[in-house]
Every structure is written in C-alpha cells, then in structure tokens.
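Enquirer: Structure incoming, see below.
Protein chains: 2
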Amino acid sequence: MSSSPSPRGRPRDPRSHEAIVSAATELVTEVGYAATSIGAVAARAGVGKDTVYRRWRGKPELVFEAVFTTTDHAPTPDTGTLAGDLTALLRDLIDEFHAPAAAAALPGLLADFAADPELKARIRTDFLAPSKERLLIVFERAAARGEIAADTPVDLVLDTLAGAVFFHVGLVGEQPDRRLADRLAAVVSKGIEIR
Amino acid sequence: MSSSPSPRGRPRDPRSHEAIVSAATELVTEVGYAATSIGAVAARAGVGKDTVYRRWRGKPELVFEAVFTTTDHAPTPDTGTLAGDLTALLRDLIDEFHAPAAAAALPGLLADFAADPELKARIRTDFLAPSKERLLIVFERAAARGEIAADTPVDLVLDTLAGAVFFHVGLVGEQPDRRLADRLAAVVSKGIEIR
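This is the structure we're talking about:
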C-alpha cells in the first residue's frame with residue numbers, strides 16, 4: 001500500500017474503515033483511552049498508520065467516530081407527556097454513555113477535544129447533535145399540548161441534562177441507574193412546565 | 001536537599017509549599033494542563049522534583065489543590081427564597097470554574113482523575129464538597145420555609161447543577177454567563193419546589 005494518496009482519489013476500502021473503527025472500539029475498551037494509540041489501532045486493524053491518518057485527523061476524531069456515532073438511531077420517544085418523553089430520552093442517553101467503550105473513552109476524549117481549538121468548538125454539536133434533534137421534537141409536541149412555552153430554551157435544557165449525565169456516568173462512573181434518569185427527568189420537566 | 005524524607009519528619013518549609021502551589025497555578029494558566037509537568041513546576045518554584053513528590057502523589061493531586069481549594073469560602077447565600085439562593089450558589093460556582101487557572105485545568109484534570117482508580121472515587125467529594133455543604137444549608141432553610149420537601153435529593157440536584165456548570169464552563173468554555181446561572185437556578189428550583 002503506497003503512502004501517498006492516489007491523485008485521482010482511488011476509492012478507499014470500506015473494509016479498512018470498518019476494521020479501523022472496530023479496532024479503536026476494542027482497544028479503548030481493553031486498555032482505556034489514554035493507552036490507545038493510532039499505532040496500536042493500525043496494528044490491530046492490520047493496516048498502516050498512514051491508512052488511518054488518511055481518514056482521520058487524529059486520535060480524538062477516530063475514537064469519537066468509533067464510539068459515539070451509530071447508524072442506528074432509536075426513534076424519538078412519544079409517551080404522551082413531557083415527563084415521560086424526557087425520561088425515555090435520558091434513559092437512552094445514560095445507556096449510550098454507560099456502554100463499555102463510551103464509558104472508557106468519555107473523560108479522556110472530552111479532555112482532548114477541549115484542548116484542541118478546532119475540536120473545542122465542536123464539543124456541543126458533535127456530542128449532542130442527535131440528542132438535540134430528539135429534544136426539539138419532544139419540545140414541539142409538549143408545546144403543542146400546552147405543557148411548555150414555545151420559547152423554552154432547548155440548549156439550556158440539553159446542556160443541563162447532558163452535563164448531568166456526563167458527570168454522573170462519564171466521570172463518576174457509577175452503575176447505570178434508571179432512577180437517575182427518572183428523577184432528573186421529573187425535576188427538569190416540572191422545572192419547565194407551565195401547566 | 002536530601003532526596004529521602006527525614007525519618008523524624010523535619011518540618012516542611014511552608015514557603016516551598018506556597019511556591020509550588022503558585023508555580024502550578026501559573027503554569028497551568030500559561031501553557032495549559034497537559035503541558036504542565038512536575039519538573040516544570042519544580043523548576044518554576046525553585047525546588048527539586050523530590051520536594052514536590054514528598055507533598056503530592058502526582059500532578060493531578062497537585063493541580064487540584066493549587067486550583068480548586070481556597071482558604072476563602074464565600075458565605076452561604078441567604079436571599080430568603082430557594083430560587084434566589086440557588087442563583088447565588090450557581091453564580092459563585094460559575095465564577096470559580098471560569099477563573100483562568102480553573103478553566104485551563106478542568107477538562108484534563110477530570111480526565112486524569114477519572115483514569116486513576118484511587119482518584120476516580122474522589123471526584124464527586126473532592127470537586128463538590130464545599131458546594132454540597134452550602135447546598136445542604138440552602139435546602140434546610142428552604143424545607144423550613146416549606147418550599148421543598150425534607151427528603152429532596154441533594155446529591156441529584158448537586159450533580160445536575162455541577163454537571164451543567166462543568167459542561168458549560170469547563171468543556172464548552174464559553175464566556176461567563178450569569179444568565180446561565182439564573183435560568184438553571186430557575187428551572188431546578190421550580191423542579192423541586194412543592195409550593
């Protein structure tokens with residue numbers, strides 16, 4: 001395999017992409033985020049380091065894609081009430097961040113993102129984009145039902161919920177606790193409801 | 001200076017302690033958390049590395065003490081209402097975490113704590129102990145006024161508030177926003193009030 005990209009953009013082998021993503025996920029789970037290097041990922045995937053760097057700018061970008069982006073997106077909950085929808089959303093978020101690779105990667109990954117000016121600006125969007133879309137849908141329904149005001153600040157609520165989950169699951173690393181999701185959803189929904 | 005501790009515990013020079021703590025704070029602010037090494041701190045403080053290691057187990061312990069523990073503790077707010085007290089508490093927390101050294105240190109410091117089994121168990125207590133004491137006092141007063149139930153979950157509320165602040169200030173790193181404190185306090189106080 002040559003070390004310079006083909007000038008005509010030879011199609012990249014999707015099997016390499018998958019192998020690299022799987023290797024990154026496995027290594028982070030096995031040895032933790034700090035000990036996972038591009039070299040180790042490349043070796044596990046059976047490719048050269050240049051193959052990895054052609055696709056990803058660096059370790060944070062690779063680990064983020066491997067661990068935090070999935071092709072399956074659970075449908076937005078529609079339980080009939082804001083409290084029920086927020087509870088379901090939070091349970092999903094907690095489950096996602098408690099998965100072994102995510103729990104192993106999150107603190108170090110956030111630190112690397114925060115330390116890189118290019119990535120720092122993307123923390124909120126990258127980590128929270130799917131959740132924000134779902135929360136917007138939940139808020140639209142709640143507003144239509146008259147449960148909340150139309151101008152309820154979605155970013156504030158999202159940051160609050162995500163921050164609490166990041167802190168509880170990603171840092172303190174406690175066992176997944178549905179009770180956390182339920183209580184947090186109850187407090188926040190009561191906090192923004194207008195009826 | 002000898003490299004082995006005196007067997008009789010010769011009193012440690014408090015000026016060294018202060019010099020080391022100041023050096024750590026300066027360096028983290030100047031070059032960031034990752035680039036701050038024990039060697040660089042020792043050099044800046046004009047002591048040997050062994051002098052630093054006699055007092056602190058490692059970099060995370062030193063930076064934590066330098067940046068996040070202060071001898072001045074602001075009095076617990078007493079505004080007459082839960083919402084007012086929570087607003088004041090959050091403004092203090094945001095101001096503390098937005099100070100240059102704290103903002104520079106927080107993401108990397110949290111990641112190092114999370115990666116060390118001995119420290120991970122101390123994240124919640126170390127980072128949040130002063131805030132928890134103050135929140136307990138605020139909750140006692142609010143319960144006495146009948147604003148909240150006596151069994152309102154203080155840890156949940158604290159984790160939620162701290163998580164939101166850590167996320168907003170420590171990771172996303174936006175300008176200090178008193179509006180964040182006010183809105184977050186409003187949502188959470190309304191979320192836990194029973195009258």
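Line order of the protein sequences matches chains A and B. Using full-length UniProt numbering, the letters of the first sequence map in sequence onto residues 1 to 195. Using full-length UniProt numbering, the letters of the second sequence map in sequence onto residues 1 to 195. Cβ coordinates follow ideal geometry from the N, Cα and C atoms, glycine included.
1. Looking at chain B, which residues of the region 82-112 of chain A have a Cβ within less than 9 Å of any of its Cβ atoms?
2. Out of B:Phe68, B:Trp56, B:Thr29 and B:Asp95, point me to the one whose CA is closest to Arg179 of chain B's CA.
3. Please list the terminal residues of the continuous alpha helix (DSSP H) segment that includes Pro77 of chain B.
4. DSSP three-state label for Glu133 of chain B, please.
5. Quick one: is Arg134 of chain A buried, meaning 16 or more other Cβ sit within 10 Å of its Cβ, or exposed?
6. Taking 8 Å as the threshold (C-beta atoms), are Arg44 of chain A and Ala23 of chain A in contact?
7. Compare the C-alpha of Val188 of chain A against each of A:Leu171, A:Leu156, A:Thr36 and A:His168 and name the closest.
8. Measuring alpha carbon to alpha carbon, tell me which of A:Phe68, A:Leu89 and A:Thr69 ends up nearest Asp78 of chain A.
9. Cβ of Ala164 of chain A within 8 Å of Cβ of Thr160 of chain B?
10. Are the beta-carbon atoms of Ala40 of chain B and Leu27 of chain B separated by less than 8 Å?
11. Answer yes or no: do Val154 of chain A and Leu136 of chain A have a C-beta to C-beta separation smaller than 8 Å?
12. Report back the beta-carbon spacing between Leu171 of chain B and Pro107 of chain B to the nearest angstrom; my notes put them in contact at under 8 Å.
13. For Ala34 of chain A and Glu30 of chain B, I'd like the C-alpha separation in whole angstroms.
14. Sorted by chain position, which residues of the same chain lie with C-beta nearer than 8 Å to Ile194 of chain B's C-beta, five sequence neighbours on each side aside?
15. With C-beta atoms as the reference, is Ile123 of chain A less than 8 Å away from Ala111 of chain A?
16. Do you know offhand how far Ala66 of chain A's Cα is from Phe139 of chain B's?
17. Rounded to a whole number of angstroms, what is the C-alpha to C-alpha distance between Ala83 of chain A and Gly58 of chain B?
18. What residues are listed by DSSP as bridge partners for Glu193 of chain A?
19. Spatial neighbours of Asp126 of chain B within its chain, please: CB distance less than 7 Å, with the 5 preceding and 5 following residues excluded, ordered by chain position.
Expert: According to the data block:
1. Leu106, Pro107, Gly108, Leu109, Leu110, Ala111 and Asp112
2. B:Asp95
3. Where Pro77 of chain B is concerned, there is no enclosing alpha helix (DSSP H), given that its DSSP letter is neither H nor E.
4. helix
5. buried
6. yes
7. A:Leu156
8. A:Leu89
9. yes
10. yes
11. yes
12. 6 Å
13. 24 Å
14. Gly146, Glu147, Ile148 and Ala149
15. no
16. 43 Å
17. 44 Å
18. A:Ile148
19. Phe64
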